[in-house]
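One structure is given below, encoded as structure tokens.
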Amino acid sequence: MLEQIKPSEWNDNLFRVISKEWMLLGAGNSDGYNMMTASWGEMGHLWNRDVCTVFIRPQRYTYTFFEQEANFSVSLFGEEHRDVLQFCGAHSGRDCNKAAEAGLTPIFQNGTVLFAQARLSLVCRKIYVADLTPQNFVDLSLISKYYPQKDFHRCYVGEIEAIFRSC
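Put into structure tokens, the structure is as follows:
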């Protein structure tokens, strides 16, 4: 069961959540969806809106769903689901049914896919999309370290339209 909360009611340490606990990024609907594990992202206030920014490389299968859908989800799990996040980060939805193999139960709500096992889920509406480009890097060492294949991420800024916690 999901309970909707306001962004102001959410008080996790976002630095820990994003970098250490990781996130599951999802997009799609009951006709087709995919998700991927991420440990890079941002949340804050931009253009007088509560936003979440996520980054996806173009070769990821999830990229296709982010491109075609207006909404996306960011799902957070407890440590007891670390294996789920590891599985979803190591396997492609092109090759298997990740939700079924990871034991996830999809919930289609607010124009995207959420997962019943998540402790917290954000529903975001895309409001800005941009590609990271080599000419905009000030610290050029980041390119050789994170982009040796020149497969720069696309960033998606989503307005947080709803936050659900499991109860």
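The number in our numbering is simply the position in the sequence shown, starting from 1, with 243 added.
Just so it is clear, CB atoms sit at the ideal spot from N, CA and C, and this is done for glycine as well.
Please state the DSSP three-state secondary structure of residue i.
| i | result |
| --- | --- |
| ASN340 | coil |
| GLN352 | strand |
| VAL381 | coil |
For the candidate residues the options, whose alpha-carbon lies nearest to that of residue i?
| i | options | result |
| --- | --- | --- |
| GLU322 | LEU363, THR307 and TYR399 | LEU363 |
| TYR276 | TYR389, GLU246, THR307 and LYS249 | THR307 |
| TRP290 | VAL400, ARG408 and ALA405 | VAL400 |
| CYS295 | GLU285, PRO301 and ARG303 | GLU285 |
| GLU404 | CYS398, ALA361 and ALA313 | ALA313 |
| LEU375 | GLN352, ASN272 and VAL297 | VAL297 |
| GLY336 | PHE330, GLY271 and TYR304 | TYR304 |
| GLN311 | PHE395, ASN379, ASP274 and VAL260 | ASP274 |
| HIS324 | ILE261, ASP255 and TRP265 | TRP265 |
| MET244 | ALA361, VAL317, ASN272 and TRP253 | ALA361 |
Would you call residue i buried or exposed, if buried means 16 or more other Cβ atoms sit within 10 Å of its Cβ?
| i | result |
| --- | --- |
| ASP293 | buried |
| ALA359 | exposed |
| VAL366 | buried |
| SER387 | exposed |
| LEU357 | buried |
| ARG259 | exposed |
Give me whichever residues DSSP pairs with residue i in a beta bridge.
| i | result |
| --- | --- |
| GLU246 | ARG408 |
| VAL400 | THR296 and TYR371 |
| GLY271 | TYR276 |
| HIS324 | None, per the DSSP bridge assignment. |
Quick one: residues in its chain with C-beta nearer than 6 Å to the C-beta of residue i, no 5 flanking neighbours on either side, listed in chain order?
| i | result |
| --- | --- |
| GLU246 | ARG408 and CYS410 |
| SER318 | LEU267, PHE358, ALA361 and SER364 |
Given residue i, which residues of its chain have a CB within under 7 Å of its CB, disregarding the five upstream and five downstream residues?
| i | result |
| --- | --- |
| ALA345 | VAL327, PHE330 and CYS331 |
Give every residue of the same chain whose Cβ lies closer than 8 Å to the Cβ of residue i, excluding the five residues on either side of it in the sequence, and list them in chain order.
| i | result |
| --- | --- |
| ARG300 | TYR306, ASP394, PHE395, HIS396 and ARG397 |
| HIS334 | LYS341 and GLU344 |
Taking only beta-carbon positions, decide if residue i is within less than 8 Å of chain C.
| i | result |
| --- | --- |
| ASP326 | No chain C appears in the structure shown, which is made up of a single protein chain. |
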